[in-house]
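K.L.:
Below is a structure I'd like to ask you about.
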Amino acid sequence: MKIINNAAVRKHVVPLQLERVLEQAYLSWAHGQVAMQPRFRTEVGDFRLVSMGAVLKELGYAGSKIYTSYQGKLCFKIMLFDAANGDALALLDSDELTPLRTAASSVLVARRYADPEAERLGVYGLGPLGLEHIKQFIQAFPIRQLYVCDPKVSVSKLKAVLAAQGIGVHQVESKLLARSSQIIVTATRSTTPVFESLWVQNGTFVAAIGSCLAHAQELDPCLVDRAKKVVVEWPEQTLKDTGDLYLYKDKEFLLSKIEAMAHTLQNDKAAHDPKSIVIYKAVGVALADIAAAGLAYEQYQSQFSY
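Its first residue numbered 185, the sequence shown is counted upward by one per residue in the numbering used here.
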């Protein structure tokens, strides 16, 4: 059994390849070839142990992601198995893999519903999730202006890096970010909305990926009111795991907007509507973790091939 650390994951996983693997996994799920366990939490005091698993028969992998949360610190691991014979293949650090698969999933949905010519990206929160979304969206869209809102983080290094790519970086207040951006990413742990619905222009794509807790709300409920669609990884889990949807009062109206990601990806054509807002609300599912771990394992193993 291999032990694959965070540095090896970062070295070997290419976002565009990851997109393809994730798309394959979701389409396999749509065809009934994937089984998943929802997120399960075990808590004592302020210590939380979380697990989630999946069997991806067509991709050849099964596995479980397990992580701890204690005093604001997270530690992620994935145990990967061979779905053909049950053998243990690898134990992977997943601190790098989690933001990689989260951003790749956001980009997959954005390729369907965001403006393909979008030049203005806005990101709330510059932790690992926010920074990885910046990297991957810049690769996927012709971004020329980046608006960021995180008062706790300096953007001087980010400005220097992106200036070389001809991309302007602007640290702004919440209102200006929401008004200026064609694509918005919320990557915070906020328990209250980080911007108001009325600030968001029609045609905007919003990826809300910052929290998987039922009391946390990054989005203004009025934005959900306005949205044409709310794309989620797995309705069964997402509707319970995020306050943005769990706390939404009109459940019947909400369900009329929900679109499962497996359905979204069956349409391989862009369907941006300049008059409509589309929300992608993600909490993370085991399908994405195990598919990403399988790719990391394959790429890691390829370095030993002669």
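For each residue, glycine too, the CB sits at the ideal point set by N, CA and C.
Return the Cβ separation of Leu281 and Ala466 in integer angstroms, given the expectation that the two are a contact with Cβ distance under 8 Å.
P.N.:
As a position in the sequence shown, residue 281 is number 97, starting the count at 1. As a position in the sequence shown, residue 466 is number 282, starting the count at 1. With 8 Å as the limit, Leu281 and Ala466 do not qualify as a contact, their Cβ atoms being about 15 Å apart.
K.L.:
Who are the near neighbours of Val390 in its chain, counting only those whose CB is closer than 6 Å to its CB and skipping five residues on each side?
P.N.:
The sequence position of residue 390 within the sequence shown is 206, counting from 1. Counting only Cβ-Cβ distances below 6 Å, and skipping sequence neighbours, we find Ile368, Ile463.
K.L.:
When DSSP labels each residue in this structure, what does Val337 get in the three-state scheme?
P.N.:
Taking the first residue of the sequence shown as position 1, residue 337 is located at position 153. Three-state result, Val337: coil.
K.L.:
Within the continuous beta strand (DSSP E) that includes Arg285, where are the two ends?
P.N.:
What you label residue 285 is simply residue 101 of the sequence shown in a count that begins at 1. Counting along the chain, Arg285 falls outside any beta strand (DSSP E), though it belongs to the alpha helix (DSSP H) covering 281-297.
K.L.:
Beta carbon of Gly387, beta carbon of Lys459: below 9 Å?
P.N.:
As a first step, residue 387 must be located in the sequence shown, where it is residue number 203. As a first step, residue 459 must be located in the sequence shown, where it is residue number 275. Contact: yes.
K.L.:
Could you name the residues of the same chain whose beta carbon sits closer than 6 Å to that of Asp279, not counting the 5 residues immediately before and after it, in chain order?
P.N.:
Residue numbering aside, residue 279 sits at position 95 when the sequence shown is read from its first letter. So the list reads Asn190, Phe260, once near-sequence residues are dropped.
K.L.:
What number of angstroms, rounded off, separates the C-alpha of Tyr432 from the C-alpha of Ser365?
P.N.:
On the sequence shown, position 248 is the one that residue 432 refers to. On the sequence shown, position 181 is the one that residue 365 refers to. Using only the alpha carbons, I get a separation of about 25 Å.
K.L.:
For Cys406, which of Lys343, Ala274, Glu380 has the nearest alpha-carbon?
P.N.:
Residue mapping note: residue 406 aligns to position 222 of the sequence shown, counting from 1. Ranking the options by Cα distance to Cys406, first place goes to Glu380.
K.L.:
With burial defined as no fewer than 16 other Cβ atoms inside 10 Å of the residue's Cβ, what is the status of Lys413: buried or exposed?
P.N.:
Walking along the sequence shown from the start, residue 413 turns up at place 229. The residue is buried, with at least 16 neighbouring Cβ atoms inside 10 Å.
K.L.:
Less than 7 Å between C-beta atoms, sequence neighbours within five positions excluded: which residues of the same chain meet that for Glu402?
P.N.:
To locate residue 402, count along the sequence shown from 1; it is residue 218. Closer than 7 Å at the Cβ level, and outside the excluded window around Glu402, lie Thr370, Thr372, Ser374, Pro377, Val378, Ala392, Gly394, Ser395, Asp428.
K.L.:
Would you say Ser235 and Gln255 are within 9 Å of each other, going by their C-beta atoms?
P.N.:
Within the sequence shown, residue 235 is the residue found at index 51, counting from 1. Within the sequence shown, residue 255 is the residue found at index 71, counting from 1. No, these two residues do not count as a Cβ contact at 9 Å.
K.L.:
Name the DSSP bridge partner or partners of Ile442?
P.N.:
Position 258 of the sequence shown holds residue 442. Val414.
K.L.:
Is Phe389 helix, strand or coil when you go by DSSP?
P.N.:
Residue 389 sits at position 205 when you count from the first residue of the sequence shown. Three-state DSSP puts Phe389 in a strand.
K.L.:
Assuming Ala209 contacts Leu240 (C-beta within less than 8 Å), just tell me the rounded distance between them.
P.N.:
Looking up residue 209 in the sequence shown gives position 25. Looking up residue 240 in the sequence shown gives position 56. Rounded, the Cβ-Cβ distance is 6 Å, consistent with contact.
K.L.:
Is Leu305 near Ala477, with beta carbons less than 9 Å apart?
P.N.:
Position 121 of the sequence shown, counted from the start, is the residue given in the question as residue 305. Position 293 of the sequence shown, counted from the start, is the residue given in the question as residue 477. Not in contact: Leu305 and Ala477 (Cβ atoms no closer than 9 Å).
K.L.:
Helix or strand or just coil, what does DSSP make of Asp434?
P.N.:
Numbered from 1 along the sequence shown, position 250 holds the residue referred to as residue 434. Residue state, collapsed to three classes: coil.
K.L.:
Can you tell which of Ala246, Ile262, Tyr245, Ser248 has the C-alpha that lies nearest to the C-alpha of Ile187?
P.N.:
For the purposes of this step, residue 187 is identified with residue 3 of the sequence shown, where counting begins at 1. It is Ile262 whose Cα lies nearest to the Cα of Ile187.
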